[in-house]
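Enquirer: Reading the sequence shown from the start, the letters are residues 45 to 334 in the working numbering. The beta carbon of each residue, even a glycine, is placed where N, CA and C say it ideally should be. None of the values given here were measured: they were computed from a predicted structure. Take a look at the following structure, please.
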Amino acid sequence: MSDAASSGGTSHGPDGLRLPDLRASDADRERVAELLREAMAEGRLDMAEFEERLDATYKARTYGELEPITRDLPAHGAAKVSMVKRPVSEDPAAIDWAARMVDGEPSSTGGFAFWSGFSRKGGWVVGRQFTAFAMWGGGEIDLREAYFTERDVEIRCFTIMGGLQVVVPPEMNVVVRGFGIMGGFDDKATGVGTPGSPRVVVNGFALMGGVGVDRKLRKAEKLRLKEERRREKLERREARRAAQLEGSERHRLKHGERHELHMRKREKRREGQGPTGSQDVPQDSPGDSQ
């Protein structure tokens with residue numbers, strides 16, 4: 045956004061529209077969200093302020109709605125018009141969140157378990173809200189490979205003498221707000237994710253049961269790390285083998301040098317001896333004995 049616009053002016057965009065009225069793109073919202081993440085990491089915002097502003101960011105439709113969100117933060121003005129769509133990350137292993145956002149209806153809006161269990165995992169489509177209930181049973185809600193119809197998702201978990209498990213990738217933006225009554229509601233997964241990540245809020249309650257929210261690597265990432273460890277192991281093995289061969293070669297050369305030195309010493313000793321193997325001694329003449 046231009047200086048004029050950020051100061052309340054009437055700056056116009058390339059199409060003649062006032063920038064505050066110009067529709068913001070997903071990339072613009074993500075740039076503002078990234079500023080908020082940096083501000084929270086630096087201690088400029090607490091978690092409550094961060095969540096409130098992040099929620100307003102993803103709901104914003106125009107630059108006029110985005111601009112006040114970062115007005116009191118350094119590097120204000122990140123919500124500028126950009127006609128170039130840049131990749132979210134240079135890391136090839138990073139999740140392409142833009143590809144995870146789809147249109148249409150969710151695959152499932154809820155799960156129910158009574159003396160039984162249910163599972164939602166793989167490439168299923170998650171809607172704005174998913175409700176899970178388990179009584180004397182259990183359920184698994186795995187979002188690591190899921191697709192999303194909305195950027196703001198609410199997972200509602202209710203359990204009575206049962207258990208529910210929510211699994212999210214490390215790159216996801218997660219907020220846990222549930223509570224337990226004679227039970228437990230795990231909130232260790234609360235934290236920010238990578239740019240473009242959906243915001244997943246897990247709430248509800250656990251009565252004499254438990255709800256766990258864990259960050260786990262995706263299957264593809266596990267395979268990648270496994271392959272990387274295998275490759276590093278092979279490289280270390282080859283390095284050890286090369287070191288052993290180099291050591292053996294040095295030992296062989298050193299042994300050959302010692303053998304050659306020993307042979308030269310023997311040759312010198314032979315050169316200093318007579319034909320009978322003893323040193324030559326001059327013989328007395330017959331007149332010397334008389």
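Compute the distance between the beta-carbons of E95 and V257, then report whether it is under 8 angstroms.
Expert: It is not a contact, given that the beta carbons lie outside the stated cut-off.
Enquirer: Can you tell me the Cα-Cα spacing of D90 and D99, whole angstroms?
Expert: Approximately 14 angstroms, taken between the alpha carbons.
Enquirer: With a cut-off of 8 angstroms, do at least 3 Cβ pairs link the segment 66-81 to the segment 236-249?
Expert: Segments in contact, yes.
Enquirer: Taking the continuous beta strand (DSSP E) assigned at L261, which residues delimit it?
Expert: Neither: L261 is in no beta strand (DSSP E) and is coded neither H nor E.
Enquirer: Assuming G183 and S163 make a contact with CB atoms under 8 angstroms, what is their CB distance in whole Å?
Expert: Contact flag correct, Cβ pair sits at about 7 angstroms.
Enquirer: Going by DSSP, what residue range makes up the alpha helix (DSSP H) through T153?
Expert: No alpha helix (DSSP H) holds T153; the beta strand (DSSP E) holding it covers 152-158.
Enquirer: Here's the rule: buried if 16 or more other CB atoms are within 10 angstroms of the residue's CB, otherwise exposed. What is F156?
Expert: Counting Cβ neighbours within 10 Å, F156 comes out exposed, since fewer than 16 surround it.
Enquirer: Measure the alpha-carbon distance for G171 versus G207 and round it to whole angstroms.
Expert: Going from the Cα of G171 to the Cα of G207 covers about 22 angstroms.
Enquirer: Excluding sequence positions up to five away, which residues of its chain have a Cβ less than 8 angstroms from the Cβ of T101?
Expert: Taken in chain order, the residues that qualify are R73, V76, A77, L80, L110, I113.
Enquirer: What would DSSP say about D116, mapped onto helix, strand or coil?
Expert: Coil at D116, not helix or strand.
Enquirer: Tell me, please, which residues DSSP counts as bridged to F192.
Expert: Paired residue(s): M145, V170.
Enquirer: Using a Cβ-Cβ cutoff of less than 7 angstroms, which residues in the same chain neighbour E315 once the five nearest sequence positions on both sides are dropped?
Expert: None.
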